[in-house]
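Number of protein chains: 2
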Amino acid sequence: MQPKKPSTIRDVAAAAGVSTATVSKFINGQQRFSAEVEARMKTVIEQLGYRQNPLARSMVTGQTKSVGLAIMDVRNPHFANIVKGANRVAIEHDYNLLVVDLEESPKREQELLGALSRRVDGLIVSSRIPLETVDWLAQQGKPVVFFGAIQRQGVVAVRTDGYRAANMLGRHLASQGRKRFAYVGFPQARWNTERLQGLQDGLAQIGASARVFDVNLPTPEEGEAICSRVLLADDRPDAVVCYNDLVALGFMHEAQSLGLKVPDDVAVAGFDDIPLARYANPPLTTVDMQSERQGVVAMERLLGALAGNWPDADTLLEPRLVARQSTGRQ
Amino acid sequence: MQPKKPSTIRDVAAAAGVSTATVSKFINGQQRFSAEVEARMKTVIEQLGYRQNPLARSMVTGQTKSVGLAIMDVRNPHFANIVKGANRVAIEHDYNLLVVDLEESPKREQELLGALSRRVDGLIVSSRIPLETVDWLAQQGKPVVFFGAIQRQGVVAVRTDGYRAANMLGRHLASQGRKRFAYVGFPQARWNTERLQGLQDGLAQIGASARVFDVNLPTPEEGEAICSRVLLADDRPDAVVCYNDLVALGFMHEAQSLGLKVPDDVAVAGFDDIPLARYANPPLTTVDMQSERQGVVAMERLLGALAGNWPDADTLLEPRLVARQSTGRQ
DNA sequence: TTGAAAGCGCTAACAG
DNA sequence: CTGTTAGCGCTTTCAA
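Chains A and B, in that order, give the protein sequences.
Residues in the first sequence are numbered from 1 upward in steps of one, following my numbering.
Residues in the second sequence are numbered from 331 upward in steps of one, following my numbering.
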């Protein structure tokens, strides 16, 4: 831990016998200089190991070259995928990513987002925050892109069509001969409603509808915990759609522990198509919500906004049904 | 997107009829002023909605109040957990987290880490980067804490005892009556070696040893892909230890597709105890490597270093065997 | 208890 | 082609 003060642009300028302005323009590639001068600067820079201080640069340019990303829980593969996508695009464009995990609790979120907002050029934020915070963020004067379902004037969102996703799932289940349906939802999430609606509309075709249950968190533990309540009711459902794959996996596991066969006794499905869905036993039917793509697109749109294009329309991604054995024909 | 320039400390000072120095000291709580002056400043600050510009502050204090975290893949629950733990501690201490996902490829990692390094007060970095990059990082003059196995003079690491972890797994398997062992490793990882060694030593007790196979990435896909090669060999193993739970889950799935019963025909185990390990079918035996704790401790130690305590010893966390049905008695 | 002034390291006119 | 100068918004001596 030797202090070793980094050299400044002034050190370089002095050592190369030029002005700081020259050095600045040189390292930013904004202007060419005589071969001699350029060579001298190059050498000195290497010798001194000089590198720009991004903070000082930001101060004057007003650009931090970093963006904030606020998610509810990195542990949820849906969010991890968003981080993944956003990270890749950010790196490609030489932007840094300031990540904050809100831990599924809107407790300090305004404070955290506020602190973040001052350090970045723009923000990508989960739509699962209070509407007042959404509005407040929109007022902060920095571009914000939300991911997830959100209907609000003047805010831009990137999302995957949850209505269609659930609708497809509903019709799929119906086509497999299922008759009695349940939906295990997560009301805190903005898109819970559209998923439920899509499902109900899908089932309406065959004159059916789903009974609704709720979990408190989108986790396998919660799926496991609610399972018996769903399956031990009278007139047991023979098809259960869960808010996401994590809930579905927990649910399916517990159903099997309860002695039920999946898919024979009950079909189980989720949303997201997390990597492990394929490797469940039986493999889990789900809908690919394109989480990573959401991250990519959100970042692209944000960077676009920072570059001056600020189109106001939302981006709607198409979901893709991934039918696997957990909803096999009855 | 109204520009709406944020007000500066100068605006506040002017409006309150005091000097910027006074405002600065006031908002930083470094000094008390007459009730009258304080009241005026307070009012003005609220009216103007003034908030400090952290960049300007960093420029002069030399502290960014943010730390960098470099991981190989957020999608891997092991790393997601590290982010989780680090995030929590960072927030508690009012630090920001700059995350970079290296995407399992050491291609641009020095460049990325270099860019990161200038923007943060310290770094937490995966040990799975080239040793030369480790050394180079250590020279950068900023505190760095590594997580994962790494033996290098003068660098601090936080890790979980991989030798013990694998050793426990080996002895567990042996105690369950297993006889023929295989280890599916991931050589790129620094702790692959110690896990292998621990396993072999554990098996040596009963005079056995494990045949070694390698995957190219620590993913379920790779576990799936290598499965047949491992299980269709002569003298088929009756116990397979995989580099991590993801590989194990992929492997187990494929083993079952191949018609083998887990654990009757073959026991499967992994490392990390990812959340879904419990919900696999059968539930996966694994070793809890305390990923989240690693993130917590790494961040605590880094923040400690920034506060002046820079102890040189590594932190070694204890693994915990989590025996589940995938290695049930034969 | 308060303020004036000197920068932190860098870029951006504007001159030459 | 190259240099001078004036800040970005803030903290921090040092005086008053």
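Built from N, CA and C at the ideal position, the CB exists for glycine as well.
Per DSSP, A/I82 is one residue of the alpha helix (DSSP H) stretching across P77 to E92. For A/Y183, the enclosing beta strand (DSSP E) covers residues F181 to G185. Distance between A/D264 and A/Q330, taken at the CA atoms: about 6 Å. Listed along chain B are L385, each with a C-beta nearer than 8 Å to that of A/S58. Among the CB atoms of chain B, one or more fall inside 8 Å of the CB of A/H253. Beta-bridge partners assigned by DSSP to A/F146: A/V125 and A/A157. When the Cα atoms are used, A/V100 and B/D564 turn out to be separated by approximately 50 Å.
Per the coordinates, the alpha-carbon of B/T645 lies some 14 Å from the alpha-carbon of B/E622.
Pairing B/N522 with A/S117, the inter-Cα distance amounts to about 40 Å. In this structure A/L231 is not in contact with A/V262, their Cβ atoms being roughly 11 Å apart against a cut-off of 8 Å. Interface annotation, B/Q620: not in contact with chain A, CB-CB separation never under 8 Å. For the pair B/G500 and B/P473, the CB atoms are not nearer than the 8 Å cut-off.
For A/A70, the pairing in a beta bridge is given by DSSP as A/V100 and A/V125.
Neighbours of A/N81 across chain B, judged by C-beta separation under 7 Å: R405. Taking CB atoms only, A/K261 has no neighbour in chain B less than 8 Å away.
Put simply, the backbone Cα of B/A599 is about 27 Å away from that of A/C227.
Under a 10 Å Cβ-count criterion, A/R178 is classified as buried, with 16 or more other Cβ atoms of the shown protein chains found around its own Cβ. Take A/N76, set aside five residues on each side of it, and the residues of its chain with a beta-carbon closer than 7 Å to its own are P218 and L246, in chain order.
Using a Cβ distance threshold of 8 Å, B/L647 and B/V475 do not count as a contacting pair. A direct Cα-Cα distance of roughly 8 Å separates B/V419 from B/Y425. The alpha-carbon of B/K414 is positioned some 8 Å away from that of A/D73. If you look at A/V23, you'll find it in the alpha helix (DSSP H) that goes T20 to I27.
Counting C-beta atoms within 10 angstroms of its own C-beta, A/G295 has 16 or more neighbours from the protein chains shown and is therefore classed as buried. B/N546 is classed as exposed because its beta carbon has fewer than 16 other beta carbons within 10 Å across all chains shown. Chain-ordered, the chain B residues with CB closer than 9 Å to the CB of A/N87 read V404, V429, V430, D431 and E433.
Taking a cut-off of 8 Å on C-beta distances, the segment 605-612 of chain B touches the segment 273-281 of chain A, as three or more cross pairs fall below it. For B/K355, no CB of chain A lies under 8 Å from its own CB, so it is not counted at the interface with that chain.
Per DSSP, the beta-bridge partners of A/T315 are A/V158. Judged by DSSP secondary structure, B/L467 falls within the alpha helix (DSSP H) whose first and last residues are L461 to Q469.
Across the set A/L321, A/T327 and A/G328, the C-alpha of A/L321 shows the shortest separation from the C-alpha of A/Y163.
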